[in-house]
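Participant:
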Amino acid sequence: MGKQETGYDYHRYRKLLAEAVDETKRLELIEQLINEKARDRLEAQRTSDRVAMTAVTVARILGPTARPR
Numbered sequence: 001m002g003k004q005e006t007g008y009d010y011h012r013y014r015k016l017l018a019e020a021v022d023e024t025k026r027l028e029l030i031e032q033l034i035n036e037k038a039r040d041r042l043e044a045q046r047t048s049d050r051v052a053m054t055a056v057t058v059a060r061i062l063g064p065t066a067r068p069r
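The letter at position 51 of the sequence shown is residue 51 when you use the numbering used here, and the numbering goes up by one with no holes.
1) So, are the CB atoms of L33 and A20 less than 8 angstroms apart?
2) Quick one: give me the first and last residue of the alpha helix (DSSP H) that E31 is part of.
3) Measure the Cβ-Cβ separation of A44 and Y13 and say whether it is below 8 angstroms.
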């Protein structure tokens with residue numbers, strides 16, 4: 001991969017998996033996933049999503065912090 005991306009590119013990996021029709025291409029895909037640390041990026045993205053959802057839920061429960069006078 002020429003450029004480093006920060007997130008997990010689900011659609012790209014799904015396309016590459018669909019194209020991996022023989023053993024050689026499957027092994028190349030596995031090597032690429034390892035080199036790009038795809039699992040680590042997926043986990044980081046999931047963690048980020050969970051933190052964001054938690055923050056939204058807490059904000060919704062607590063409501064606005066500033067009270068009108």
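Even for Gly, the Cβ is constructed at its ideal location relative to N, Cα and C.
Facilitator: In terms of the structure at hand:
1) For the purposes of this step, residue 33 is taken as the residue at position 33 of the sequence shown. For the purposes of this step, residue 20 is taken as the residue at position 20 of the sequence shown. No, the pair does not count as a contact, with Cβ atoms beyond the cut-off.
2) Walking along the sequence shown from the start, residue 31 turns up at place 31. In this chain, the alpha helix (DSSP H) harbouring E31 covers 23-35.
3) By one-based count along the sequence shown, residue 44 stands at place 44. By one-based count along the sequence shown, residue 13 stands at place 13. Taking 8 angstroms as the Cβ cut-off, A44 and Y13 do not qualify as a contacting pair.
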